[in-house]
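**Student:** Here it is, the structure in full.
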Amino acid sequence: MVPLSWYLIFAAALFSIGLFGVLSRRNAVAILLGVELMLNSVNINLAAFWRYGDVSQMAGQVFAIIVFAVAAAEVAVGLALVISVYRRRNTVVADEINMMKW
Amino acid sequence: MNFIDTHLLSLILFVPALAAVIILFLPNGENRVFRWFAFGASFIPFVLSLLVWFRFDANQSGFQFEEIYVWYEAIGSSLHLGVDGLSLTMVLLTTILTPLSILASFSITDRVKAYMILFLLLETGMLGVFMALDLLIFFVFWEVGLVPMYFLINQWGSANRNYASLKFLIYTMGGSLGLLLGIQLLGVLFNTYDLQIITAQWSTYTEDIAGIPASTFKTVAFWAFVIAFAIKVPVWPFHTWLPDAHTEAPTAGSMILAGVLLKLGAYGFLRLILPLYPEQARVFAGALAVLATAAIVFGAFASYAQTDFKRLVAYSSVNHMGFVVLGIAAAGLASGTPDAHIALNGAILQMFNHGLSAAGMFFLVGVIYERTHTRNLNEFGGLFPLVPVYGGILIFTSMASLGLPGLNGFVSEFLVVRGAWPILPVYTAIAMLGLLFTGAYILKGIKMVLHGPLNEHWAPAGGEHKLTEINTREILVMVPLMALILWIGIWPAWILDVINKAVVRLF
Amino acid sequence: MATELLIWLIPLPPVLAFFLIVLLTNRNKALSHTVGVGAAFLSWLGSMVVFVRALGVEHLGEHPFVSSVTWLPLGETTDTYFDIGILVDPTGAAVLFFVAWTIFMIFLYSVGYQNFGQPKGDHDQAGLPPHGATVEEHGHRHRVPSVEPMYSRFFAFLGLFAFGMYVLVLSDNLLTLFVGWEIMGLCSYLLIGFWYAKPSAREAGVKAFMTTRVGDVFMLLGVAYLYSATGTLSFREIFTEGVLHTLATVPSGVLGLSAAGLIGLLLFIGAVGKSAQFPLHVWLPDAMEGPTPVSAMIHAATMVSAGVYLVIRMFPLISLDPTTMAIVAFIGAFTALFSATIAVAQNDIKRVLAYSTISQLGFMIAALGIGAYVAAAFHLITHAFFKALLFLGSGSVIHGMEHGVLHTGDHKVDPQDMFNMGGLRKKMPITFWTFLIGGFALSGFPVLTAGFWSKDEILADAFGHGHWAVFITLAVAAFLTAFYTMRQITLTFLGEPRTKEAEHAQETPWTMTVPLVVLAFFAVTAGWVGIPEHFPALGGLIPNWFHEFVGGTLAEHPEAVEFSIWPLLTSLFVALGGLGLGWLVYRNVKTPAEDRLQIPVLKNKYYFDEIYDYLFVKPAYWFAETVIYKFMDQGVIDGFLHSFGPVTDRFGSAIRNYFDLPVINRFFGDGSANVTYWFGGKLRVVQTGRIQQYLMFALVVFIAVGAALYFFLLA
Amino acid sequence: MTGEQIIFLLTALFTLGSGVMVVTSRNLIHAALWLVSALFGVAVTYALLDAAFLAVVQVVVYIGAIAILFIFAVMLTRKDMRDQGPQMNTNWWFGALLSVLVFGGLFFLLQGWSGLSRTASPIPPGFDSISELGNALISPDAYVLPFEVASVLLVAALIGAVYVAFNPRSGDTRK
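Okay, structure coming up:
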């Protein structure tokens, strides 16, 4: 049997990779890609805790499904924003989208 | 009817304020509407207070028509209203004078709406002081009265009105700081502001307060109260706001100022100082008597020195109110004795009487001022043939002010002198000098205005009088005053009975 | 009608007339005087009925007519109420008698004096005496007297005055007496200043009011003192043995007087003011500015008598303290002599009478001071009749002279100056004869006239009780009285007319002469009721009724003084001597220059007006204006108040400059802002607008905080 | 080492490798494709965890919809891809450091947790996780409310996305 710790460490690693993507990529779309990785790592955790806990409690899976929905929504809105910004400013580089600064 | 029966006092108190609010929402434009509405509205409290007067049972002790409403529970203050013979007299005076003053203000043409609103608010403020049985409420109304008066002087006054109104406001407010502090102290000490409870406990309170002996504390608080009320009365040497304010105020403002506002101070003496500080009043009665005598004598002298007719009348108020304070001082020194009762009877009646005659005098000065646009006595002279009716009324009212027997002023002055003589003989004797000069300045006023050769400036030119006779509205203002002056002068029992029974029970 | 009720009603008609005239009928002259005279008549009628009924009561002194009602509720029980009421005892009845007569006569006289029925004046205006009217008759114009413009008002004032006098006489207590007293004071003021447009009249009115008010405030104190000492002001309650005894024994603490003495003195000062005694006499001569009926009524017969009446009323109290009595006697005697000397040098017909009035009132006061109660009351009554007569006579003379003035049209001629008269006895016979009777009564012409009997009684009392100083002073005064009276009669009526105006003087209408005749009757007969029983020849023919009647007022019936020939001889001598000397000296005098008694000091009334002006009036005004108003109120008090402004301003500026600006503003206010600004400036580089950097910061903080939490809390 | 463990390790390595490629590929299209493979690896992980429904949904929703959406987005912003420029921002090293720190922190925390080495109990016989999940999602006693809220959120997000991405100019022309 695979111990729980493996799943958790795997999820942590995936989370960190996603985080690195979010922090480091210049392209806004790539940042969103990183976010997707992070969400997935969370979902792995949720599924793992469900499986290693009381399987009759469906909270973990339900939560995972809701995360799917949120992820879908996030991607839809995020990409729409990226496209909108791109249309107006002709760039998708996150560093250059800084008109909200002081 | 049942509602009216059980809420008489609050109706009297708040009808003017309500009317003021209604006037606020009346459409602009027609001055006549405001005037008549305000007059009508001020008539309601008068009718209601007559109702109270006739239902009032003078033989019953304590307060009547009491009403208590929740107001500020957390600090033990409630909207507690009630009248006894002392305050009822003052309430009646207020509700009589206000409609008359509003009637007298019909000649105001500038911003009538605001004027009438302020006037009605003023009435509520004054009535509140007389009805309040809660110290905090007392103070609130005490200050409420100031604001409309300030604006009345400041907005509708004559040339020097800014100075006068500011002096009036700052002086009175400054004086009432000590009062506020004293009231706070009592409220904190007893955890209630109810006058009856505090009166019962404070006058015999002997424990230390914050490590200070009660007597010391009371002495300080006593003077704080005294100064607040002394400024309002006004007692010499706190009186100099009065000539300025009275002189600069519009006619009706002066009427109310002299007629009612000054009584607030004297009422404070009677309602708060004597019951709350009997010991201190006894100790310091001498000082109070000195001030009262000074007010009588110096007020008369200063009045005599005036060339401004209105200022002359204004100083006469100092002189007359001095008798009130003299009576109070005498009563403070010998409270409980028949002499003290007589002195207080005189003092309270003098308050009422001065309200009538001073209001009348100020109104008459206003009447002549409206026609001549001068108050300088030297510019009048010999006007009697031009305005015989006015002249007659002026002489009549002047004589009431002078204290001619047969008119109201005499009864009260005599009672004060009679009551004060065995208690404070020296001061009473000195005060007679003031009484003598009362005659001097009153006669000076009549002499300079009515008598003597006609000042050619006012002479009828081409068959046309430059100076018009007093008109019907103005006569209507004077008739009730004169009737009361005469009535009290001839048969004072109807009012003195109420006062006397209250005085005997209270002091 | 019950007598008490009738007494209550007596004062009412005049006051009703006052209100009626003022409010309703003042435009109609005829109606006004009808109302006025009618009211006076009703009061007169009532008074006469009361008087007659009073005569019918035995021992009226012990059982007077009384009635009272509660007036002022004072104190807890009904006993402490202040009652007012009426009282008619013998003295009151006697006074009521003469008051009613004189008032009625004077009302009647006023109709004529104020020229009722004459046309309206050409240039008359309210506030000035009428100047005459031009009428056309039978084709030629001539001037006639014009009616008084304020005719109705005059009757209104008279009515109010009459009310005051009746109230005074009928009161059973000092307070209502004082009410009447002051109402009369007001009317006196209004009537003296009746022609108010004349500055002299205006000043005279104020002077009269103020001078009497000096007395009044003392009197008010006396009343208050008496009231507080006894708890009552009712005469009948005060004049009981117990009360009087207490008053006499309690010390007042002032000048070593007993309470009774001090009260008496205070009340007496009131009387001094009202009865124009020295030193408050100055107002009365000036009061002659008023119309003559006013002078007659107020300043001769009634109001000035009120002072004496007060002393008579309060006699049981005043007589308790010998010091007070001595003061009263001194003031009276001194005034009697002092004003008689002034009267000698006056040329104005009314002023002579005014000083004579002061002098005669001095007689009465002096009489009271020596305890001659009955004599004083007697003289009061006789004097009221003959002095009213004299005044009305002088008014008639003036009126006649004014006719002459109108005729000649020379308005510079003073119709009141006696040197402009002369020989009027032929022109105005009724006036002359009545005036003569009045003058002789004043001089004390023996046996016939009332003045003789009353004055003689005073002298007899002074002599009999050994008051030599008073006796001599009064005797000299009486001599002077006779002298100046004869001077007046001589200058006015005897000899030949000295001016054209006097030649054209006319007898006055019946409304004026009838009162003269009536009063002349009383000027003669009023004395006959008080002839001493032991008087040679006449004594006992008519019983000394007056002494019995009036004396009955007092609890202790005063003994009639023992008859002595010396005072009688003195009376005879001073009266006849004075009259004779007066005639001798003045029968040939034509101009003031020939009059050797025009001594400046006398003519100028011993400069009292000037002295008072310098001593009291001017300093009072200076004190009022300069000291009290300008210095104290505007200078010290307002200065003090105004100093609050600058002081507060300075204090505020100091706080602002040395605390607010550097500490609060610079350090805390600006300082904190500056620090924030600086800090923000440094920090703003962080705000790159780059979302990834924000996230990094967040993470750094998160990791740092998380690590810290972990190590410090969990580990 | 059991077979299951071997499969897990392979899957994990594959997934992490794909993840690393996602965040490091210069070409964004490549990165999107790497994401697909990483998501697929996650789907396998779900399967290993007996979460069949999740695995299917992962494939259908993530790979079938979201990843495709990304590829569309990448293509729509193609002009600015700048494959030639640096794909990392200047602070990428700091981001890497932070990521490592996060991972280290998580690892450290996990180590201290007692339940770490817990093993899964076998699925009870007759237990149908899919039907249980279905019941849980629509049962009023369980998660119907979050479920509905999620649906509302989706609708809102879609409408919002349309609105945000809507080109007004093209809207004008369409008119």
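Chains as they are written, first to last, in the numbering used here: chain X, 40 to 141; chain F, 122 to 628; chain D, 213 to 927; chain C, 765 to 939.
The C-beta atom is built at its ideal place from N, Cα and C for all residues, glycine as well.
Computed from a prediction, not measured in an experiment: that's the story for all the values here.
Let me see if you follow: with CB-CB separation under 9 Å, is Thr292 of chain D close to chain F or not?
**Tutor:** With 9 Å as the cut-off, Thr292 of chain D counts as an interface residue toward chain F.
**Student:** Should Val191 of chain D be labelled buried (16 or more other beta-carbon atoms within 10 Å of its own) or exposed?
**Tutor:** Look at the range of chain D in this structure, 213 to 927, and you will see that residue 191 of chain D is not part of it.
**Student:** How would you write the range of the alpha helix (DSSP H) that Trp856 of chain C sits in, first residue to last?
**Tutor:** Trp856 of chain C -> alpha helix (DSSP H) spans Trp856 to Gln875.
**Student:** Which partner residues does Asn497 of chain F have in the DSSP bridge list?
**Tutor:** According to DSSP, which records beta bridges pairwise, Asn497 of chain F is partnered with F:Asp429.
**Student:** Who are the neighbours of Gln899 of chain D on chain A, taking C-beta pairs under 9 Å?
**Tutor:** Among the chains of the structure shown, chain A does not appear; the protein chains present are X, F, D and C.
**Student:** Note down, one range per segment and in chain order, each alpha helix (DSSP H) of at least 4 residues found wholly within the region 524 to 590 of chain F.
**Tutor:** As far as the region 524 to 590 of chain F is concerned, its whole alpha helix (DSSP H) runs of at least 4 residues are 529 to 541 and 546 to 570.
**Student:** For Gln899 of chain D and Leu873 of chain D, what's the separation of their Cα atoms in angstroms?
**Tutor:** Computed Cα separation, rounded: 34 Å.
**Student:** Just checking my contact of Thr535 of chain D with Ala687 of chain D at CB under 8 Å: how many whole Å lie between their CB atoms?
**Tutor:** The Cβ separation is near 25 Å, so there is no contact.
**Student:** If you draw a straight line from the alpha carbon of Ala342 of chain F to that of Leu316 of chain F, how long is it in whole angstroms?
**Tutor:** Roughly 16 Å between the two C-alpha positions.
**Student:** Can you give me the C-alpha to C-alpha distance between Ala351 of chain F and Leu605 of chain F, rounded to a whole angstrom?
**Tutor:** Cα-Cα distance, rounded: 28 Å.
**Student:** Among the candidates F:Ala561, F:Phe158, F:Phe289 and F:Val354, whose CA atom is the shortest distance from the CA of Ile449 of chain F?
**Tutor:** Minimum Cα distance to Ile449 of chain F is reached at F:Val354.
**Student:** Answer with yes or no whether the minimum CB distance from Ser885 of chain C to chain X is below 9 Å.
**Tutor:** Closer than 9 Å: yes.
**Student:** Take the Cβ of Thr888 of chain D as the centre, count every other Cβ of all protein chains shown within 10 Å, and call the residue buried at 16 or more, exposed below.
**Tutor:** Label assigned to Thr888 of chain D: exposed.
**Student:** Between the Cα of Glu614 of chain D and the Cα atoms of D:Asn240, D:Trp313, D:Trp283 and D:Gln326, which residue gives the shortest distance?
**Tutor:** Selected option, being the one with the closest Cα: D:Gln326.
**Student:** If you check the beta carbons only, do Thr327 of chain F and Leu397 of chain F fall under 9 Å apart?
**Tutor:** It is not a contact, given that the beta carbons lie outside the stated cut-off.
**Student:** Just tell me which of C:Ala921, C:Gly859 and C:Asn853 has its CA closest to the CA of Asp134 of chain X.
**Tutor:** The residue with the shortest Cα to Cα distance from Asp134 of chain X is C:Asn853.
**Student:** Using DSSP bridges, identify the partner residues of Tyr193 of chain F.
**Tutor:** Tyr193 of chain F pairs with F:Ser198.
**Student:** With distance defined between alpha-carbon atoms, name the residue in F:Leu447, F:Phe419, F:Leu391 and F:Leu382 nearest to Ala413 of chain F.
**Tutor:** Cα-wise, what sits closest to Ala413 of chain F is F:Leu447.
**Student:** Give a yes or no on whether 9 Å exceeds the smallest Cβ distance from Ile83 of chain X to chain C.
**Tutor:** Closer than 9 Å: yes.
**Student:** Check the C-beta distance from Phe310 of chain D over to Ile593 of chain D and give it rounded, since I have them as a contact under 8 Å.
**Tutor:** Right, their Cβ atoms sit about 5 Å apart.
**Student:** Counting Cβ pairs, one atom from each stretch, are 3 or more of them under 8 Å apart for the region 275 to 290 of chain F and the region 371 to 385 of chain F?
**Tutor:** Contact between the region 275 to 290 of chain F and the region 371 to 385 of chain F is present, because at least three Cβ pairs lie under 8 Å.
**Student:** May I ask you to list the residues that DSSP assigns as paired with Met633 of chain D?
**Tutor:** DSSP, once it has assigned bridges, lists no residue as partnering Met633 of chain D.
**Student:** For Phe175 of chain F, is the classification buried or exposed, using 16 other Cβ atoms within 10 angstroms of its Cβ as the cut-off for buried?
**Tutor:** Exposed: under 16 other Cβ atoms inside 10 Å.
**Student:** Mind checking Lys624 of chain D: buried by the 16 CB within 10 Å criterion, or exposed?
**Tutor:** Exposed.
**Student:** Nearest to Val281 of chain D by CA position, among D:Thr292, D:Arg239 and D:His275, is which residue?
**Tutor:** Taking only the C-alpha atoms, the option nearest Val281 of chain D is D:Thr292.
**Student:** Around the C-beta of Pro858 of chain D, are 16 or more other C-beta atoms found within 10 angstroms, so that it is buried, or is it exposed?
**Tutor:** When all chains shown are included, Pro858 of chain D counts as exposed.
**Student:** For Ser244 of chain D, which of helix, strand or coil comes out of DSSP?
**Tutor:** Ser244 of chain D: helix per DSSP, three-state reduction.
**Student:** Measure the alpha-carbon distance for Glu360 of chain D versus Pro341 of chain D and round it to whole angstroms.
**Tutor:** Approximately 7 Å, taken between the alpha carbons.
**Student:** Evaluate His360 of chain F with the Cβ neighbour count: other Cβ atoms within 10 Å of its Cβ, from every protein chain shown; 16 or more gives buried, anything less gives exposed.
**Tutor:** Looking at its Cβ environment, which holds 16 or more other Cβ atoms inside 10 Å, His360 of chain F is buried.
**Student:** Which residue comes first and which comes last in the beta strand (DSSP E) that contains Glu349 of chain D?
**Tutor:** Where Glu349 of chain D is concerned, the enclosing beta strand (DSSP E) stretches over Ala345 to Glu349.
**Student:** Taking all protein chains shown into account, decide if Gln875 of chain C is buried (16 or more other Cβ within 10 angstroms of its Cβ) or exposed.
**Tutor:** It counts as exposed.
**Student:** Looking at the secondary structure, which residues open and close the alpha helix (DSSP H) in which Val801 of chain D lies?
**Tutor:** Segment: none, Val801 of chain D is in no alpha helix (DSSP H) and carries neither H nor E.
**Student:** Name the two residues that bound the continuous alpha helix (DSSP H) containing Asp498 of chain D.
**Tutor:** Here the alpha helix (DSSP H) through Asp498 of chain D covers Trp495 to Asp498.
**Student:** Identify the contact partners of Leu47 of chain X in chain D, using a Cβ-Cβ distance below 8 Å as the criterion.
**Tutor:** Ordered by position in chain D, no residue passes the 8 Å Cβ test against Leu47 of chain X, which lies about 17 Å from the chain.
**Student:** Please list the terminal residues of the continuous alpha helix (DSSP H) segment that includes Thr642 of chain F.
**Tutor:** Nothing can be reported for residue 642 of chain F: it is not among the residues displayed for chain F, which extend from 122 to 628.
**Student:** For Lys817 of chain D versus Pro463 of chain D, is the C-beta spacing smaller than 9 Å?
**Tutor:** Their beta carbons are not under 9 Å apart, which means Lys817 of chain D does not touch Pro463 of chain D by this criterion.
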